[in-house]
Every structure is written in structure tokens, then in C-alpha cells.
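**Student:**
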Amino acid sequence: MTIYAFYTRTKKGSIQRDHFLFDWKGPLGPYAHEAPLVGWPESKVFWIYEKGHSNGLAPVCASSSDSSGIEALEPALSNTEIKKPAGLGVG
Numbered sequence: 000m001t002i003y004a005f006y007t008r009t010k011k012g013s014i015q016r017d018h019f020l021f022d023w024k025g026p027l028g029p030y031a032h033e034a035p036l037v038g039w040p041e042s043k044v045f046w047i048y049e050k051g052h053s054n055g056l057a058p059v060c061a062s063s064s065d066s067s068g069i070e071a072l073e074p075a076l077s078n079t080e081i082k083k084p085a086g087l088g089v090g
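Counting along the sequence shown from 1, when you hit position 55 you're at 54 in numbering that gives the first Met the number 0, and nothing is skipped either side.
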């Protein structure tokens, strides 16, 4: 199991780190395009799209698990607000 931070990249390439942390179990699915992050708490991010506007997940810490799915973590980690975002296909 890995904990991920949620990132957004604009069409012009600006990057924003949202205050979401997730316990994501299993494969990343559409988050297939790995890229380095410089000047952010995480060192790499996995984008849905290689270029242009995209959402991304960046690993915060990791451990192994073969489960699949996504869930919001509770309670909060390191005083970071943790929320379940809309629009990630979680139902």
C-alpha cells in the first residue's frame, strides 16, 4: 500500500499540490506517466496525461500490497488535511 499526494498540472505546465493524501492499493491505472518533481515535498509524480492539463499522484511513503481500490485516510497525517476528491471514479 502506498500513500499518495494529489497534484494538478495546468495546460501551461504550472503545478499545484492539493491537500489530499490517499491510501492507494494496487496498480495506478491511468496514472501511467512518471515525471520528476523539483521543489515539492515528493520527488516524482504519476500523471494521467504525459503533456498538458492533467491530474497526478505522487508517492509520499510506500509499503507492499496487492489489493486494489482507493480510500481516504483517517485520521489526518502530520496535520495535513485529508479528503476524498470528487471525480476519481470512486463510488
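Even for Gly, the Cβ is constructed at its ideal location relative to N, Cα and C.
Relative to the C-alpha of S53, which candidate in G38, I14, I2 and Y3 has its C-alpha closest?
**Tutor:** The shortest C-alpha separation from S53 is found at I14.
**Student:** Taking the alpha-carbon positions, what's the F91 to A57 distance?
**Tutor:** With the chain covering 0 to 90 only, the question about residue 91 has no answer from this structure.
**Student:** Between which two residues does the beta strand (DSSP E) harbouring Y6 extend?
**Tutor:** Its beta strand (DSSP E) spans residues T1 to R8.
**Student:** Taking only the alpha-carbon atoms, compute the straight-line gap between Y30 and W39 and give it to the nearest angstrom.
**Tutor:** About 19 Å.
**Student:** Classify G25: buried if its beta carbon has 16 or more other beta carbons within 10 angstroms, exposed otherwise.
**Tutor:** It is exposed - the Cβ of G25 has fewer than 16 other Cβ atoms within 10 Å.
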